[in-house]
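FYI, my numbering numbers position 106 of the sequence shown as 137, with every residue one higher than the one before it.
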Amino acid sequence: MKPLLPALLALAALLPVSARAEAMTDNDIRSDIIGRTIYLAAPLGGEMPLTYHKSGTVDGNGEAVGLGKFIKPNDVGKWWIKSDRLCQQFKTWYDGAPMCFVLERDGAGKVKWTRDNGQTGVARIGD
């Protein structure tokens with residue numbers, strides 16, 4: 032039984048590492064995100080679609096999650112990739128401030144995102 036214990040402890044130490052999500056690279060973002068619509072899970076339910084066009088523009092539509100009550104429900108901006116992070120800047124949303132996100136795979140067709148301010152969330156990758 033004694034020889035088995037070190038092996039089990041070594042295996043247990045590896046589990047958290049293998050359970051971590053895999054951060055997406057520049058190439059992953061280009062192949063899996065660009066040219067598609069990403070559906071952000073809204074905190075109060077529903078999804079907010081963002082379409083990342085190959086031309087470098089991004090369209091956002093917050094009508095389904097009720098953004099029209101608080102801000103302009105639709106906006107257009109630009110996207111770019113910097114150091115394996117997806118960055119975007121809308122014309123009016125967030126007062127036009129640029130922001131970048133680390134994206135991690137979270138199962139088939141899903142990503143976890145972490146914004147440069149530490150805010151996190153999940154999204155579904157659409158067509």
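Ideal placement from N, C-alpha and C gives every residue a C-beta, glycine not left out.
Check, Outcome
"Continuous beta strand (DSSP E) stretch holding arginine 67: start and end", "Neither: arginine 67 is in no beta strand (DSSP E) and is coded neither H nor E."
"Cβ-Cβ separation, alanine 54 to valine 133 (assumed contact under 8 Å), whole Å", "6 Å"
"Burial state of tryptophan 111 (16 or more Cβ within 10 Å)", "exposed"
"Proximity below 9 Å, CB of threonine 68 to CB of aspartate 158", "yes"
"C-alpha gap between arginine 155 and glycine 66, whole angstroms", "14 Å"
"Three-state secondary structure (DSSP) of aspartate 59", "helix"
"Paired residues, beta bridge with leucine 81 - DSSP", "Ile69 and Gly91"
"Through-space distance from glycine 87 to valine 153, alpha-carbon basis", "22 Å"
"Closest by C-alpha distance to valine 89, when choosing among Trp124, Glu78 and Gly149", "Trp124"
"Cβ neighbour criterion (16 or more within 10 Å) applied to glutamine 17", "Past the boundaries of the shown model lies residue 17; the chain is included only from 32 to 158, so the question cannot be answered."
"Separation of arginine 136 from glycine 77, as counted between CA atoms", "21 Å"
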